[in-house]
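So my numbering is basically just the index in the sequence shown, starting at one, shifted up by 146.
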Amino acid sequence: MSSSTFPNELWMNIFEILDSPSDLASVVRTSRRFQLLGERILYKCLIWTNPRSLVENYAFLAANGHLYTSPRSLTLGISRTYHPNNDLIEQINRAKGVVHPDGIILPVLRSSHIHEVRVADDTGLYNDIEYLASERLADMMYNMATEFTNLRELSFVGMILPNTFYSFVHNFPSLDKLRIEDCTVPITPEPTNLHPCDLPITELTILGLRGRRDVREMRALAEGKQLRVIRFDWTCYIYKHFCRPMNGPGNGQPMWQFQGFAPANQPGVHFADTLIQFNRNRILLDRPRELSPHIHTIDVKFPTLKSWQSYVLEPHEHLINPFAKFLEICPGLTCLTIRNHLPWIRLAEDALPNLVHFQGPLTTIKYIMSSSRPIRRLDIRDPSGSLLGLEKSFKDIELAGAEGSLEDLSIYLSCWDDEILYAILHHFRGLKTLEMRYKDGEPSEEIILAMGAHFFGQMPNLVSVHVFKYGCEPIASVVEQVKTRGHAPGHIQSTTGTKSEVEANLKELITAWNRYCPQLREVQLQADYVWRRAGADDVWTKRKYVFGRRFGDT
Numbered sequence: 147m148s149s150s151t152f153p154n155e156l157w158m159n160i161f162e163i164l165d166s167p168s169d170l171a172s173v174v175r176t177s178r179r180f181q182l183l184g185e186r187i188l189y190k191c192l193i194w195t196n197p198r199s200l201v202e203n204y205a206f207l208a209a210n211g212h213l214y215t216s217p218r219s220l221t222l223g224i225s226r227t228y229h230p231n232n233d234l235i236e237q238i239n240r241a242k243g244v245v246h247p248d249g250i251i252l253p254v255l256r257s258s259h260i261h262e263v264r265v266a267d268d269t270g271l272y273n274d275i276e277y278l279a280s281e282r283l284a285d286m287m288y289n290m291a292t293e294f295t296n297l298r299e300l301s302f303v304g305m306i307l308p309n310t311f312y313s314f315v316h317n318f319p320s321l322d323k324l325r326i327e328d329c330t331v332p333i334t335p336e337p338t339n340l341h342p343c344d345l346p347i348t349e350l351t352i353l354g355l356r357g358r359r360d361v362r363e364m365r366a367l368a369e370g371k372q373l374r375v376i377r378f379d380w381t382c383y384i385y386k387h388f389c390r391p392m393n394g395p396g397n398g399q400p401m402w403q404f405q406g407f408a409p410a411n412q413p414g415v416h417f418a419d420t421l422i423q424f425n426r427n428r429i430l431l432d433r434p435r436e437l438s439p440h441i442h443t444i445d446v447k448f449p450t451l452k453s454w455q456s457y458v459l460e461p462h463e464h465l466i467n468p469f470a471k472f473l474e475i476c477p478g479l480t481c482l483t484i485r486n487h488l489p490w491i492r493l494a495e496d497a498l499p500n501l502v503h504f505q506g507p508l509t510t511i512k513y514i515m516s517s518s519r520p521i522r523r524l525d526i527r528d529p530s531g532s533l534l535g536l537e538k539s540f541k542d543i544e545l546a547g548a549e550g551s552l553e554d555l556s557i558y559l560s561c562w563d564d565e566i567l568y569a570i571l572h573h574f575r576g577l578k579t580l581e582m583r584y585k586d587g588e589p590s591e592e593i594i595l596a597m598g599a600h601f602f603g604q605m606p607n608l609v610s611v612h613v614f615k616y617g618c619e620p621i622a623s624v625v626e627q628v629k630t631r632g633h634a635p636g637h638i639q640s641t642t643g644t645k646s647e648v649e650a651n652l653k654e655l656i657t658a659w660n661r662y663c664p665q666l667r668e669v670q671l672q673a674d675y676v677w678r679r680a681g682a683d684d685v686w687t688k689r690k691y692v693f694g695r696r697f698g699d700t
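Below you can see the structure in the form of structure tokens.
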């Protein structure tokens with residue numbers, strides 16, 4: 147078959163496989179047809195986070211309208227100027243220049259008084275924006291973005307959300323994922339008749355909201371009827387939108403009067419006519435707040451333990467109870483992730499009947515693990531946890547009768563303790579997958595040598611084992627001890643040997659487990675590599691490992 151008869155879609159799939167941009171550049175130079183296809187590939191994912199780069203590329207895009215159907219993903223990170231109030235807005239008060247459409251950069255005019263720069267230490271989200279876009283350049287950017295009708299993913303990262311945000315996100319009929327991260331909510335949002343429930347998105351992520359405006363308008367984005375996945379943190383407690391009365395606390399302001407979703411005044415329309423328009427839209431805007439019945443994944447990041455102790459007031463009333471009520475209206479939920487710290491949470495026994503994967507701190511285990519929930523994967527992430535707390539959680543799981551359905555167990559604690567293995571063996575012999583990550587400490591030499599015979603070999607269903615130090619040197623402590631058996635820990639660095647010698651010793655150790663663990667197919671003792679084999683008689687082979695594919699990163 148001649149290459150000229152290949153469909154364009156096939157060539158584009160081939161071009162996407164090319165890892166090197168230089169390889170793609172070489173290919174597209176071979177013919178005009180390949181050049182056009184290559185341009186479509188290059189513009190499939192657009193990232194506009196620098197106004198100067200936007201100016202350089204805008205003219206090309208404006209002159210090639212055929213590329214408007216190419217973008218599938220757009221990341222926006224450009225904030226417009228808000229003169230004369232730039233230094234009143236925390237996220238942009240250090241900007242030093244305003245970029246105009248012709249490329250000219252003018253200095254940011256400052257007010258005569260000095261404002262303190264607030265750094266969001268608790269969120270870890272501090273973005274020093276260097277350049278702002280002029281009002282005209284920002285308008286040009288958003289107007290062009292609305293032409294990308296095939297957009298599937300839209301991200302706002304490290305910026306001031308535009309005042310037209312609540313209407314802008316409705317311009318993309320095929321939008322699947324909406325992400326808002328490290329952004330300041332709109333300064334003066336423009337009213338719109340459009341309602342978030344009509345957004346076609348299936349995934350919503352809101353993390354690290356900044357600014358002092360009410361975030362209830364942002365929470366309403368979770369009313370999308372097609373939503374499957376919701377991710378949020380303590381800067382935007384989405385669940386409060388569904389668990390509070392229609393009237394706001396103490397102000398009597400119904401949801402339909404929120405500024406972002408109020409019907410817009412038309413020129414020449416008197417206030418009485420506007421009230422009529424309000425009443426016409428009340429059916430839409432004052433409806434009960436309904437959560438999508440398709441929700442299967444919720445990922446929520448609560449404050450850290452230190453923040454709970456210092457800043458969170460009345461957590462029972464304002465945070466925990468509404469969250470529990472929210473989970474109870476999500477019967478289709480299959481995956482729940484609770485990050486950082488949550489003191490406790492009490493659920494009705496019949497809540498979350500379809501939950502199969504739970505990740506959370508030790509304080510939540512006894513409340514989530516239940517015989518009424520078919521949880522198969524448990525991921526314990528608790529850097530502040532202890533061996534005592536872990537053993538208590540294991541006993542709670544056993545008392546609840548939930549250990550029988552558990553197949554995968556992942557544990558991350560700050561410090562390694564050999565007793566962890568004994569506790570796991572005692573409570574969970576039926577595991578198929580076991581992962582243990584630790585930040586400090588290391589297994590003793592005795593434990594390393596006994597892992598195969600005395601631990602993993604006693605778990606007849608175990609096929610995958612991951613035991614490694616997270617966030618350490620490429621050669622993990624387990625590997626170092628395999629190489630330096632009998633040496634003092636301080637002498638490890640000088641006796642580690644070459645990489646090939648370490649790998650040979652590690653392979654020798656794993657091969658010795660074959661006698662006791664014929665069912666094992668995957669072993670990881672290094673942070674970056676895993677050893678795999680296809681069957682009991684196969685040879686162990688080293689493979690590159692990307693952490694997070696199985697259990698998700700912290």
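Even glycine gets a Cβ: it sits at the ideal position worked out from N, Cα and C.
Computed from a predicted structure; not experimentally measured.
query: What distance in whole Å lies between the Cβ atoms of Lys323 and Ile347, which are believed to be in contact at a cut-off of 8 angstroms?
result: The Cβ separation is near 6 angstroms, so the contact holds.
- prompt: Distance, Cα to Cα, Cys481 vs Ile526?
  reply: So the two alpha carbons sit approximately 14 angstroms from each other.
query: Under a Cβ-count criterion, where at least 16 other Cβ atoms within 10 Å of its own Cβ denotes burial, should Gly270 be classed as buried or exposed?
result: Note that Gly270 scores a pLDDT of 44, beneath 50, so its modelled location is shaky and nothing firm can be said.
query: How many Å lie between Asp496 and Ser199 at the Cα?
result: The straight-line gap from Cα to Cα measures roughly 54 angstroms.
query: Nearest CA to the CA of Gly304: which residue from Met287, Ser313, Glu327?
result: Closest by alpha carbon: Glu327.
field: Residues that Met582 bridges to, as DSSP identifies them
entry: Under DSSP, Met582 takes part in a beta bridge, and its partners are Ile557, Val613.
task: Please name the residue in Phe318, Tyr277, Asp274 whose C-alpha comes closest to that of Tyr288.
output: Of the candidates Phe318, Tyr277, Asp274, Phe318 places its Cα closest to the Cα of Tyr288.
query: For Cys191, which of helix, strand or coil comes out of DSSP?
result: In this structure, Cys191 counts as strand in the three-state DSSP scheme.
query: Which whole-angstrom value describes the C-beta separation of Tyr129 and Ala673, a residue pair presumed to lie in contact below a C-beta threshold of 8 angstroms?
result: The question about residue 129 has no answer here: the residues shown for the chain are numbered 147 through 700.
- prompt: In the DSSP assignment, what are the bridge partners of Thr687?
  reply: Thr687 pairs with Arg678.
message: Once DSSP output is grouped into helix, strand and coil, what is the label at Ile491?
response: In the structure shown, the three-state DSSP call for Ile491 is coil.
query: Just to confirm, are His503 and Trp454 a CB contact at a threshold of 8 angstroms?
result: With respect to the 8 angstroms criterion, His503 and Trp454 are not classified as neighbours on the basis of their beta carbons.
query: Can you give the Cα-Cα distance for Ala599 and Trp659, rounded to whole angstroms?
result: Their Cα atoms are separated by approximately 7 angstroms.
message: Check whether the stretch 246-255 and the stretch 362-380 touch, using three or more Cβ-Cβ pairs below 8 angstroms as the test.
response: No, because fewer than three Cβ pairs between the stretch 246-255 and the stretch 362-380 fall closer than 8 angstroms, the two stretches do not touch.
query: For the stretch 481-525, which segments carrying the beta strand (DSSP E) assignment without a break, of at least 3 residues, lie completely within its bounds, in sequence order?
result: You should have 481-485, 503-506.
field: Buried or exposed (CB count within 10 angstroms, at least 16 for buried), Lys690
entry: So Lys690 ends up on the exposed side.
Alpha-carbon spacing of Ile514 relative to His442, whole angstroms: Going by the C-alpha atoms only, they are around 16 angstroms apart.
- request: Please look up how many angstroms separate the CB atoms of Leu567 and Phe601, rounded, as I've assumed it's under 8 angstroms.
  value: Right, their Cβ atoms sit about 5 angstroms apart.
message: If I follow the unbroken alpha helix (DSSP H) through Arg365, where does it start and stop?
response: Residues 362-365.
message: Let's test the definition: count the other Cβ atoms within 10 Å of the Cβ of Glu549 and tell me whether it reaches 16, buried, or not, exposed.
response: Classification of Glu549: buried, given that the 10 Å Cβ count is 16 or more.
- prompt: Thinking C-beta only, is Pro335 closer than 8 angstroms to Asn309?
  reply: Result yes, Cβ atoms of Asn309 and Pro335 sit closer than 8 angstroms.
- prompt: Beta-carbon separation of Val613 and Leu666 under 8 angstroms?
  reply: Result no, Cβ atoms of Val613 and Leu666 do not sit closer than 8 angstroms.
- prompt: To the nearest angstrom, how far is it from the Cα of Lys578 to the Cα of Met597?
  reply: Cα to Cα, Lys578 sits roughly 16 angstroms from Met597.
- request: Look at the alpha carbon of Ile521 and the alpha carbon of Phe469, and state the distance between them as a whole number of angstroms.
  value: So the two alpha carbons sit approximately 20 angstroms from each other.
query: Excluding the five sequence neighbours on either side, which residues of its own chain have a C-beta within less than 6 angstroms of the C-beta of Thr340, listed in chain order?
result: Rather than Thr, the amino acid found at residue 340 in this sequence is Leu. Contacts found: Ser313, His316.
- prompt: Going by other Cβ atoms of all chains shown within 10 Å of its Cβ, with 16 needed for buried, is Asp274 buried or exposed?
  reply: With fewer than 16 other Cβ atoms within 10 Å, it is exposed.
- request: Buried or exposed for His387, please, with buried defined as at least 16 other CB atoms from any protein chain shown within 10 angstroms of its CB.
  value: With 16 or more other Cβ atoms within 10 Å, it is buried.
- request: With a threshold of 16 other CB atoms inside 10 Å of the CB of Phe574, please say whether the residue is buried or exposed.
  value: Label assigned to Phe574: buried.
task: Please determine, among Asp564, Ser551, Ile251, the residue with the shortest C-alpha to C-alpha distance to Glu591.
output: Of the candidates Asp564, Ser551, Ile251, Asp564 places its Cα closest to the Cα of Glu591.
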